[in-house]
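Chemist: Dropping the structure in here first, questions after.
2 protein chains.
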Amino acid sequence: MPITVQFAAGPDLWPAYRAPLAEAFAEAGLDVEMAEKIAPEQVDYIVFAPGGTISDFAPYTRCKAVLNLWAGVEKIVGLPGLTMPLCRMVDPALTEGMVEYVVGNVLRHHLGLDTHVLNQDGIWRHNLIPPVARERKVTMLGLGALGAACGQALAALNFPVTGWSRTPKEVPGLTCLSGPEGLARALTGAEIVVLLLPLTAETTNLIDAGRLALLAPGAALINPGRGPLIDDAALLAALDAGRLGHATLDVFRTEPLPPEHPFWAHPRVTVTPHIAADTRPASASRVIAENIRRGEAGVPFLHRVDRARGY
Amino acid sequence: MPITVQFAAGPDLWPAYRAPLAEAFAEAGLDVEMAEKIAPEQVDYIVFAPGGTISDFAPYTRCKAVLNLWAGVEKIVGLPGLTMPLCRMVDPALTEGMVEYVVGNVLRHHLGLDTHVLNQDGIWRHNLIPPVARERKVTMLGLGALGAACGQALAALNFPVTGWSRTPKEVPGLTCLSGPEGLARALTGAEIVVLLLPLTAETTNLIDAGRLALLAPGAALINPGRGPLIDDAALLAALDAGRLGHATLDVFRTEPLPPEHPFWAHPRVTVTPHIAADTRPASASRVIAENIRRGEAGVPFLHRVDRARGY
């Protein structure tokens, strides 16, 4: 009997994923029958993305796991009937893309590159020599797969990196803090702050006026994580007051960010259009295949979501 | 008898270097008498920078070494009377600053950050997802202390880096080529090229029309090395034709770059004002002290210039 896999990530993604998934299943030695529509009671695994073809999991009575194509699961955990295991995507290419975006933008702020890119006016600003990275305090909020990889890449460039996570973690090369008091310590005096936290009830609006006030004067904030981690009004107020030097934002409460949103016109904000990390079909398909292999072998799934925590 | 050291790097640098050098000499256990003016025949070592107070070394009959404060020595090797050993500066902070500039600008081009920084116009350019670094071919010309360190930092971020040097070298993590045929191979199809070669008769105008034509269409060129490595007219022609995508230039034939120079106004050129690497007094002073210690102990100098090669 072949394993039945329903591709429920939507018709837009089907052409991009059909061949890479089939190839990954074959590579993993799995006999899979995959389709966009299968009778719910016959589905073994669901490949999922929010906005796809399933919004209620109750009819999927024999489904062994829901395998999400993206890293974020905040739009999935509350869906009705989701009693089977849910797995997040941790795509190696996604991690690489995120590391490149974070290191590139941290260095952009560290080196002050925008001043030169935006002012090719014939003025030789030789006084703008940046300090070396070992004199620049970076704080990474979130020490999951993405945050840890980014923090370590920054530490390899000599940045002193303080990492923070809700529960205690250890990441080699980083000063790791946790809990509410650790958060205040991690933010105090930080010159560049990167947000890579999961979105939960606790992390919504985490970056508010009080926490922004802890940063070093003129600090830069980089958010490639989730839009609602930031209290947008507090962010704009801190930027307007000049306390915060710059915000580079890749994620927003509404995407695409509407053209009339004040972030676009603000001189201290750089909007990037959700480019930090995009799941790549080839590598993501191999992760999906590995989790189906594990499900069939009775081995614990990779990247399984803890429903109580929400990620 | 104290060791006599003449600080001949000019009165502008004396205030910045006086205390750090004295501290470094004391740390190294050296009994040094340092001044801006000493009778030439009594000088044991010269701390030097071009444009300083010495242009003829003939009167320095007992001088054991000329210790340059900068990495580049092309303005020194031809000075009259320079028969004693000449040492370049290889400042660890200078190497760090260079690595940060090179990695920051390679990632800036790789990620296409300028498009976003320069166009905050409300258009959500989500189609501009960059490839991952492992799909981006980077070529590093020059595998000295700076080129090797930059190449390895880029390789650590997964960029496939091809390095080239005049004579064969091996740098772990890089594909290393050498000689004239190796140069053509290193440039062919390269998407981002970084110039960190010493300036010699052979490397002047190395980047000419023919070599620019070898690069991938739309490639980016980054020059934090020496201005005359590039044939400026050929560079402008390649940029105007759109064959070359962008040039980020930190060094120029004339510095400060005159306001009327076409590089400033060219939409495909980013001028940065020689910020890639600046010698730092504290770390540079420790290198000077170590070389004086070596000279006194009869141990070979660090970073001694080969006069025949010119670097």
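Protein sequences, first through last, are from chains A and B. Quick note: the first sequence, position 81, residue 81 per my numbering, numbers continuous. For any residue, its number in my numbering is found by taking its place in the second sequence, counting from 1, and adding 1000. Positions of the beta carbon are idealized from the N, C-alpha and C atoms, including for glycine.
Look at the Cβ atom of A/G242, then the Cβ atom of A/L196, and state whether they are nearer than 8 Å.
Modeler: Translated into the one-based positions of the first sequence, residue 242 of chain A becomes position 242. Translated into the one-based positions of the first sequence, residue 196 of chain A becomes position 196. No.
Chemist: Could you tell me which residues DSSP puts in a beta bridge with A/M140?
Modeler: Start at 1 with the first residue of the first sequence, and residue 140 of chain A comes out as number 140. In the DSSP output, where bridge partners are listed per residue, A/M140 has A/G163 and A/V194.
Chemist: What separation, rounded to the nearest whole angstrom, lies between the Cα atoms of B/T1270 and B/P1217?
Modeler: Counted from its first residue, the second sequence places residue 1270 of chain B at position 270. Counted from its first residue, the second sequence places residue 1217 of chain B at position 217. Their Cα atoms are separated by approximately 18 Å.
Chemist: Using CA atoms only, rank isn't needed, just tell me which of A/G182, A/P198, A/H266 and A/D232 is closest to A/T254.
Modeler: Within the first sequence, numbered from 1, the residue matching residue 254 of chain A stands at position 254. Nearest of A/G182, A/P198, A/H266 and A/D232 to A/T254, Cα basis: A/D232.
Chemist: Quick check on the burial criterion: 16 or more other C-beta atoms within 10 angstroms. Buried or exposed for A/T162?
Modeler: Against the first sequence, residue 162 of chain A aligns to sequence position 162. By the neighbour-count rule (16 or more Cβ atoms within 10 Å), A/T162 is buried.
Chemist: Let's see if you can read the secondary structure: which residues bound the alpha helix (DSSP H) around A/G182?
Modeler: Here residue 182 of chain A is taken as the residue at index 182 of the first sequence, counted from 1. Where A/G182 is concerned, the enclosing alpha helix (DSSP H) stretches over G179 to L187.
Chemist: Below 6 Å CB to CB, which residues in the same chain sit around A/P20 once its five sequence neighbours on both sides are set aside?
Modeler: Here residue 20 of chain A corresponds to residue number 20 of the first sequence, with the count starting at 1. P281, A282 and S285.
Chemist: Closest Cβ-Cβ distance between B/L1212 and chain A: below 8 Å?
Modeler: Against the second sequence, residue 1212 of chain B aligns to sequence position 212. No, because no Cβ of chain A sits closer than 8 Å to the Cβ of B/L1212.
Chemist: Kindly list, in the order they appear in chain A, the residues whose Cβ is closer than 9 Å to that of B/A1297.
Modeler: Here residue 1297 of chain B corresponds to residue number 297 of the second sequence, with the count starting at 1. The contacting residues do not exist; B/A1297 stays about 30 Å from chain A at best.
Chemist: Taking only beta-carbon atoms, is A/G97 less than 8 Å away from chain B?
Modeler: Position 97 of the first sequence holds residue 97 of chain A. Judged by the 8 Å Cβ criterion, A/G97 is in contact with chain B.
Chemist: Give the interface partners of B/V1103 over in chain A, defined as CB-CB distance under 9 Å, in chain order.
Modeler: For the purposes of this step, residue 1103 of chain B is identified with residue 103 of the second sequence, where counting begins at 1. Those within 9 Å of B/V1103 in chain A are V103, G104, L107 and L157.
Chemist: So which residues on chain C does A/T279 lean against when the C-beta distance must stay under 8 Å?
Modeler: Annotation note: the requested chain C is absent from the structure, which comprises protein chains A and B.
Chemist: For B/H1246, which beta-bridge partners are listed by DSSP?
Modeler: Here residue 1246 of chain B is taken as the residue at index 246 of the second sequence, counted from 1. Its beta-bridge partners are B/A1220.
Chemist: Does any CB atom of chain A fall closer than 8 Å to the CB of B/H1303?
Modeler: Position 303 of the second sequence holds residue 1303 of chain B. Cβ-Cβ to chain A under 8 Å: no for B/H1303.
Chemist: Do A/I292 and A/I46 have their C-beta atoms closer together than 8 Å?
Modeler: Residue 292 of chain A sits at position 292 when you count from the first residue of the first sequence. Residue 46 of chain A sits at position 46 when you count from the first residue of the first sequence. Not closer than 8 Å, so no.
Chemist: Of all Cβ atoms in chain B, is any one closer than 8 Å to the Cβ of A/E85?
Modeler: The count along the first sequence starts at 1 and reaches residue 85 of chain A at position 85. In the sequence as displayed, the identity of residue 85 of chain A is Pro instead of Glu. Answer no: the Cβ-Cβ gap between A/P85 and chain B never drops below 8 Å.
Chemist: Mind checking if A/R125 is an interface residue toward chain B, Cβ cutoff 8 Å exclusive?
Modeler: Position 125 of the first sequence, counted from the first residue, corresponds to residue 125 of chain A. True, the Cβ-Cβ gap to chain B drops below 8 Å.
Chemist: Assuming B/V1194 contacts B/V1102 under a Cβ cut-off of 8 Å, what Cβ separation, rounded to an integer in Å, is found between them?
Modeler: By 1-based counting over the second sequence, the position of residue 1194 of chain B is 194. By 1-based counting over the second sequence, the position of residue 1102 of chain B is 102. Correct: roughly 6 Å between the Cβ atoms.
Chemist: Since B/L1113 meets chain A, which of its residues come closer than 7 Å, beta carbon to beta carbon?
Modeler: Residue numbering aside, residue 1113 of chain B sits at position 113 when the second sequence is read from its first letter. Going along chain A in sequence order, the residues near B/L1113 (Cβ under 7 Å) are G104 and R108.
Chemist: Mark B/I1288 as exposed unless 16 or more other C-beta atoms lie within 10 angstroms of its C-beta, in which case mark it buried.
Modeler: One-based indexing of the second sequence puts residue 1288 of chain B at position 288. When all chains shown are included, B/I1288 counts as buried.
Chemist: Take the Cβ of B/K994 as the centre, count every other Cβ of all protein chains shown within 10 Å, and call the residue buried at 16 or more, exposed below.
Modeler: Outside the displayed range of chain B (1001 to 1311) lies residue 994 of chain B, so it cannot be described from this structure.
Chemist: Could you tell me whether the Cβ of A/W264 comes closer than 8 Å to any Cβ of chain B?
Modeler: Here residue 264 of chain A refers to the residue found at position 264 of the first sequence. Yes, A/W264 counts as interfacial toward chain B.
Chemist: Looking at the structure shown, is A/C150 part of a helix, part of a strand, or coil, going by DSSP?
Modeler: For this step, residue 150 of chain A is matched to residue 150 along the first sequence. Three-state result, A/C150: helix.
Chemist: Contact criterion: CB-CB distance below 8 Å. Does B/E1191 meet it with respect to chain A?
Modeler: Here residue 1191 of chain B refers to the residue found at position 191 of the second sequence. No, its Cβ sits nowhere closer than 8 Å to a Cβ of chain A.
Chemist: Quick one: what's got a C-beta closer than 6 Å to A/L206's C-beta in the same chain, skipping five residues either side?
Modeler: As a position in the first sequence, residue 206 of chain A is number 206, starting the count at 1. Closer than 6 Å at Cβ, skipping near neighbours: L229.
Chemist: Considering only the alpha carbon of each residue, which of A/P92, A/T53, A/Q120 and A/L235 lies closest to A/K37?
Modeler: The sequence position of residue 37 of chain A within the first sequence is 37, counting from 1. When each option's Cα is compared against that of A/K37, the closest is A/T53.
Chemist: Assuming A/H126 and B/H1246 form a contact by the criterion Cβ under 8 Å, report the distance between their Cβ atoms to the nearest whole angstrom.
Modeler: The residue given as residue 126 of chain A occupies position 126 in the first sequence. The residue given as residue 1246 of chain B occupies position 246 in the second sequence. Going by Cβ atoms, the distance from A/H126 to B/H1246 rounds to 22 Å, so no, they are not a contact pair.
Chemist: For a contact defined as C-beta to C-beta under 9 Å, what are the partners of B/I1275 on chain A?
Modeler: Taking the second sequence and counting its residues from 1, the one referred to as residue 1275 of chain B is at position 275. Under the 9 Å cutoff, chain A gives L111, G112, H116, R125, H126, L128, I129 and P130.
Chemist: So, B/L1013 versus B/A1049, is the Cβ gap smaller than 8 Å?
Modeler: On the second sequence, residue 1013 of chain B is found 13 positions in, with the first residue counted as 1. On the second sequence, residue 1049 of chain B is found 49 positions in, with the first residue counted as 1. Yes, Cβ-Cβ distance for B/L1013 and B/A1049 is below 8 Å.
Chemist: Strictly under 8 Å for the Cβ-Cβ distance: is A/Q152 near chain B by that measure?
Modeler: Mapped onto the first sequence, residue 152 of chain A falls at position 152. It does not: the Cβ of A/Q152 has no partner Cβ on chain B nearer than 8 Å.
Chemist: Give the straight-line distance between the Cα atoms of B/C1176 and B/P1059, rounded to the nearest whole angstrom.
Modeler: Along the second sequence, read from residue 1 onward, the residue named residue 1176 of chain B stands at position 176. Along the second sequence, read from residue 1 onward, the residue named residue 1059 of chain B stands at position 59. Each residue's alpha carbon lies about 44 Å from the other.
Chemist: Could you tell me the alpha carbon to alpha carbon distance between A/A153 and B/P1040, rounded to whole angstroms?
Modeler: Indexing the first sequence from 1 puts residue 153 of chain A at position 153. Indexing the second sequence from 1 puts residue 1040 of chain B at position 40. Computed Cα separation, rounded: 50 Å.
Chemist: Counting pairs of Cβ atoms below 8 Å between the segment 300-310 of chain A and the segment 111-121 of chain A, do you hit three or more?
Modeler: Too few Cβ pairs lie closer than 8 Å, so no.
Chemist: Would you decide whether A/V251 is buried or exposed? Buried here means 16 or more other CB atoms lie within 10 Å of its CB.
Modeler: Along the first sequence, one-based indexing puts residue 251 of chain A at 251. Classification of A/V251: buried, given that the 10 Å Cβ count is 16 or more.
Chemist: Measuring alpha carbon to alpha carbon, tell me which residue in A/F263, A/L236, A/S178 and A/T200 is nearest A/N208.
Modeler: As a working note, residue 208 of chain A is residue 208 in the first sequence. Before going further, note that residue 208 of chain A is Asp rather than Asn in the sequence given. Taking only the C-alpha atoms, the option nearest A/D208 is A/L236.
Chemist: Rounded to whole angstroms, what is the Cα-Cα separation between B/T1272 and A/L187?
Modeler: Looking up residue 1272 of chain B in the second sequence gives position 272. Looking up residue 187 of chain A in the first sequence gives position 187. In a straight line, the C-alpha of B/T1272 is about 31 Å away from that of A/L187.
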